[in-house]
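These notes concern the structure reproduced below.
Residue numbers (the numbering used here): 42 to 908.
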């Protein structure tokens with residue numbers, strides 16, 4: 042990415058985005074709908090609404106509009122992925138569930154779902170209120186104190202950001218905020234300030250709105266802002282108001298200079314933002330203020346250091362109301378005072394997806410970032426004839442009715458976004474595009490794309506994503522992003538994309554022993570020009586760096602031979618130079634060592650033992666290079682240098698047979714190595730997986746292919762080593778396919794005559810328990826009735842099975858609220874008082890058993906109580 046503007050130091054990059062908007066579950070779907078000018082509103086039949094519990098009197102009311110932009114699957118959630126039990130998920134507000142998933146996908150889109158622990162990440166998120174959820178969640182208040190407390194915590198909308206921070210380990214500033222319709226653009230403004238003050242490295246900003254029930258209409262009343270026909274038509278003569286819908290959006294922000302340095306994909310740059318409030322200088326609390334809007338736009342331009350004439354697109358608040366649109370247009374016209382006419386396009390995402398309230402601002406921000414990223418001005422949906430109260434013809438503005446390419450200008454592409462909230466909170470943001478010049482031309486090379494998931498079903502879904510993606514975008518960017526920016530799970534595969542774009546799944550390794558160590562052997566330098574198959578790294582920048590470092594070392598040693606570059610090293614190796622061959626072997630072995638952290642056994646055959654010894658620290662690198670140079674010069678007497686023990690964790694072998702301490706510290710042993718050729722073939726160590734670097738692996742990315750095959754077997758790979766110090770650009774890659782479960786809303790005990798939730802939400806849903814995770818202790822089954830009662834109670838509390846008698850409650854995923862709940866249930870069952878603090882010190886069934894037995898006066902009484 043190249044930023045062609047003069048930097049002010051205030052620039053913030055948008056490096057990741059994710060959405061859940063009506064008929065748009067991905068950025069690609071969202072942009073497709075925007076560019077088509079598609080209206081994503083659903084009009085329901087009377088039968089559909091009756092099935093949701095809408096009564097006939099409501100349906101017959103002419104003021105009831107049977108339309109809503111809604112999102113799917115708001116009752117579904119992948120609780121275990123985020124570390125929650127089924128009971129936790131049931132207590133969550135649906136908005137909190139959706140916001141978890143959108144926040145994770147935004148981090149994933151930015152390329153930082155994997156490295157989150159190494160960065161300070163903040164979150165500024167807003168959640169709208171929902172009366173139906175409040176009504177249903179309040180039915181839990183007649184439970185015990187713990188249930189009331191738990192419901193109040195998990196169901197509270199303003200704790201959503203904090204739950205997300207806890208689940209994703211975000212350690213920067215985290216705030217829930219609300220400013221009505223401008224909530225999520227206010228969140229972006231505050232996140233920018235946090236980044237500029239250095240409070241965090243990355244910041245999430247966004248919001249969510251879900252009004253229940255999902256499938257429902259609304260009442261249109263004269264004097265209100267609701268559309269009379271279910272359509273939102275900003276700036277159109279037939280506009281009759283707005284309609285509210287569901288949606289969620291999150292952006293990931295970073296300081297621009299750091300985003301460029303780290304190779305982040307940059308959708309757009311926030312040059313400046315401003316926020317203000319109307320105060321009392323307007324008709325009423327809910328009314329818009331032309332003066333307030335004008336002032337906030339001017340302030341944003343001032344902070345961004347841009348002139349209005351350089352802005353070619355404005356994403357307006359655009360509600361399509363009789364009062365709001367003319368006021369907003371007038372405010373814009375007072376700011377854009379140029380004599381030039383119709384040079385700036387107006388847009389309004391509400392025409393596509395409705396008014397998503399707390400998510401409305403971020404919807405406009407994401408849309409505008411995509412406008413700049415794709416250099417395309419989209420049409421304004423539902424627009425036909427201008428509102429007679431606005432004078433487009435003599436203004437700086439025009440309204441596009443079809444997709445248009447970005448106009449040619451002398452300044453970088455720039456755009457503005459407005460979001461105005463009921464109560465007077467006004468926000469305006471100025472965006473600027475970055476140039477994509479300077480990308481690497483590597484289209485003729487193949488690539489390796491690793492991918493993983495917790496289950497094979499999810500793995501299949503990711504494979505489908507990737508096979509489609511590589512046909513649409515640069516597969517090298519996909520490969521790099523998958524390698525360095527995606528978390529790793531147990532089920533793994535890898536795709537090889539050849540230089541023609543054909544994708545094939547890498548074959549599994551044969552005879553791989555999961556419990557064995559990993560080893561590599563260097564062939565005899567006397568017999569092989571490329572003793573450790575350095576050609577396998579021919580396309581690796583990391584390998585070239587290793588060779589360059591070796592050449593620099595040779596220059597400092599003042600040896601008789603000098604190699605100017607890698608090409609000369611290869612030529613001399615082919616000519617028989619042992620030093621050149623040794624340099625190739627050492628560079629290759631060091632690459633393998635760094636690429637595969639679990640590669641701990643280095644073996645050598647004949648003189649191939651010297652490079653192996655150098656890599657594991659048995660003989661100093663300088664000494665090995667001097668020995669090989671001396672052998673090239675036919676020096677008759679070569680002194681054996683100091684020999685040390687291998688570096689911690691490494692093993693040195695000769696022809697795949699481990700060396701004893703006595704052997705590699707024996708000067709006579711090393712004299713024999715220098716004088717003799719390879720020994721007769723020895724039986725290799727069966728407890729080592731030896732890298733098979735055969736000629737059949739020859740290819741431009743063979744080393745990376747071998748590494749990928751090992752990765753598929755569970756071996757850790759440091760992918761960045763292949764690229765050395767080069768930082769490539771992150772970009773499109775797979776999105777995690779959540780394994781969701783259905784969580785119904787709390788049942789309503791009272792009978793209401795008006796809108797109710799759909800009848801299938803009233804049904805009790807029983808979830809299968811989650812399997813016991815991998816713990817630090819082995820599973821031991823309960824043997825007595827009382828012990829089984831305790832393990833079953835923990836299993837019921839955590840919804841995990843089976844539970845062993847030594848399993849730690851907290852390691853299983855429990856927390857303080859759940860241990861309190863467990864204690865309460867034990868006290869009711871056995872009519873005893875339990876020391877909660879003592880229980881929390883060693884919270885496993887065996888300790889609980891001992892604690893109860895002490896309280897009851899012996900194990901026999903405890904067992905009797907469980908008969």
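Don't be surprised by glycine CBs; every beta carbon is placed ideally from N, CA and C.
Being a predicted model, the structure only gives us computed values, none of them experimental.
Inset, instruction - Compare the beta carbon distance of residue 221 and residue 464 with 8 Å and say whether it is the shorter of the two. - result: yes
Inset, instruction - Go ahead and pull the three-state DSSP assignment for residue 448. - result: coil
Inset, instruction - Indicate whether the contact test is met: 3 or more Cβ pairs, each with one atom in the region 335–344 and one in the region 441–456, closer than 8 Å. - result: no
Inset, instruction - Return the residue from the list 106, 386, 689, 629 that minimises the CA-CA distance to residue 762. - result: 629
Inset, instruction - Evaluate residue 824 with the Cβ neighbour count: other Cβ atoms within 10 Å of its Cβ, from every protein chain shown; 16 or more gives buried, anything less gives exposed. - result: Residue 824 is exposed by the Cβ-count criterion.
Inset, instruction - May I ask you to report which of helix, strand or coil DSSP gives residue 758? - result: Note: residue 758 maps to coil in three-state DSSP.
Legend entry - Exposure of residue 398, with buried meaning 16 or more beta-carbon neighbours within 10 Å: buried
Legend entry - Boundaries (first-last residue) of the beta strand (DSSP E) holding residue 253: Unbroken run through residue 253: none, as it is neither H nor E.
Inset, instruction - Round the Cβ separation of residue 75 and residue 287 to the nearest angstrom and send it over; I've been treating them as touching at under 8 Å. - result: About 17 Å; that fails the 8 Å criterion.
Legend entry - Distance between residue 646 and residue 973 (C-alpha atoms, nearest Å): Coverage of the chain is limited to positions 42 through 908, which leaves residue 973 absent and any answer about it impossible.
Inset, instruction - Check whether the Cβ atoms of residue 225 and residue 244 sit closer than 8 Å, and answer yes or no. - result: no
Inset, instruction - Determine the DSSP secondary structure at residue 306, reduced to helix, strand or coil. - result: Three-state DSSP puts residue 306 in coil, outside helix and strand.
Inset, instruction - Specify the secondary structure class of residue 428 as computed by DSSP and reduced to three states. - result: coil
Legend entry - Beta-carbon proximity check, residue 120 vs residue 134, cutoff 8 Å: no
Inset, instruction - Tell whether a beta-carbon distance below 8 Å holds between residue 594 and residue 662. - result: The answer is yes: Cβ separation under 8 Å.
Legend entry - Local Cβ density within 10 Å of residue 435, reported as buried at 16 or more and exposed below that: exposed
Inset, instruction - Rank 154, 60, 173, 52 by C-alpha distance to the C-alpha of residue 786 and give the top, closest one. - result: 173
Inset, instruction - Look up residue 162 in the DSSP assignment and give the residues it is bridged to. - result: 243
Legend entry - Same chain only: Cβ atoms within 8 Å of residue 297, ignoring 5 sequence neighbours per side: Here the set comprises 44, 48, 52, 53, 54, 307, 310.
Inset, instruction - Return the chain-ordered list of same chain residues with a C-beta closer than 6 Å to the C-beta of residue 821, the five sequence neighbours on each side being excluded. - result: 845, 846, 847
Inset, instruction - Enumerate in chain order the residues of its own chain whose CB-to-CB distance from residue 72 is below 6 Å, with the five nearest sequence positions on each side excluded. - result: 411
Inset, instruction - Just grab the DSSP bridge partners of residue 58 for me. - result: 292
Legend entry - At least 3 beta-carbon pairs within less than 8 Å: the region 318–337 vs the region 248–258: no
Legend entry - 6 Å CB neighbourhood of residue 529 in its chain, flanking five on each side removed: 493
Legend entry - Inter-stretch contact at 8 Å, needing at least 3 Cβ pairs: the region 400–408 / the region 227–239: yes
Inset, instruction - May I ask you to report which of helix, strand or coil DSSP gives residue 386? - result: Residue state for residue 386 is assigned as strand, using DSSP reduced to three classes.
Inset, instruction - Kindly indicate the opening and closing residues of the beta strand (DSSP E) around residue 521. - result: Element bounds for residue 521: not the beta strand (DSSP E) but the alpha helix (DSSP H), 516–526.
Inset, instruction - Pull up the distance between the alpha-carbon of residue 425 and that of residue 497, whole angstroms please. - result: Cα to Cα, residue 425 sits roughly 50 Å from residue 497.
Inset, instruction - Please report the residue range of the beta strand (DSSP E) in which residue 532 lies. - result: 532–538
Inset, instruction - Might you give, ordered along the chain, the residues of its own chain that have their beta carbon closer than 8 Å to the beta carbon of residue 407, omitting 5 neighbours on each side? - result: 58, 60, 68, 71, 290, 292
Legend entry - Beta-carbon proximity check, residue 757 vs residue 527, cutoff 8 Å: In this structure, residue 527 does not lie closer than 8 Å to residue 757 by Cβ.
Inset, instruction - Mind reading off the beta-carbon distance from residue 911 to residue 240? Whole number of angstroms is fine, and I expect it under 8 Å. - result: Given a span of 42 to 908 for the chain in the structure shown, any question on residue 911 remains unanswerable.
Inset, instruction - Using 10 angstroms around the beta-carbon of residue 603, count the other beta-carbons present and answer buried if the total reaches 16, otherwise exposed. - result: exposed
Inset, instruction - Could you check the C-alpha separation between residue 834 and residue 857 for me, to the nearest Å? - result: Distance between the alpha carbons of residue 834 and residue 857: 16 Å.
Inset, instruction - Would you identify the three-state DSSP class for residue 788, choosing helix, strand or coil? - result: coil
Legend entry - Spatial distance of residue 209 from residue 123 (CA atoms): 7 Å
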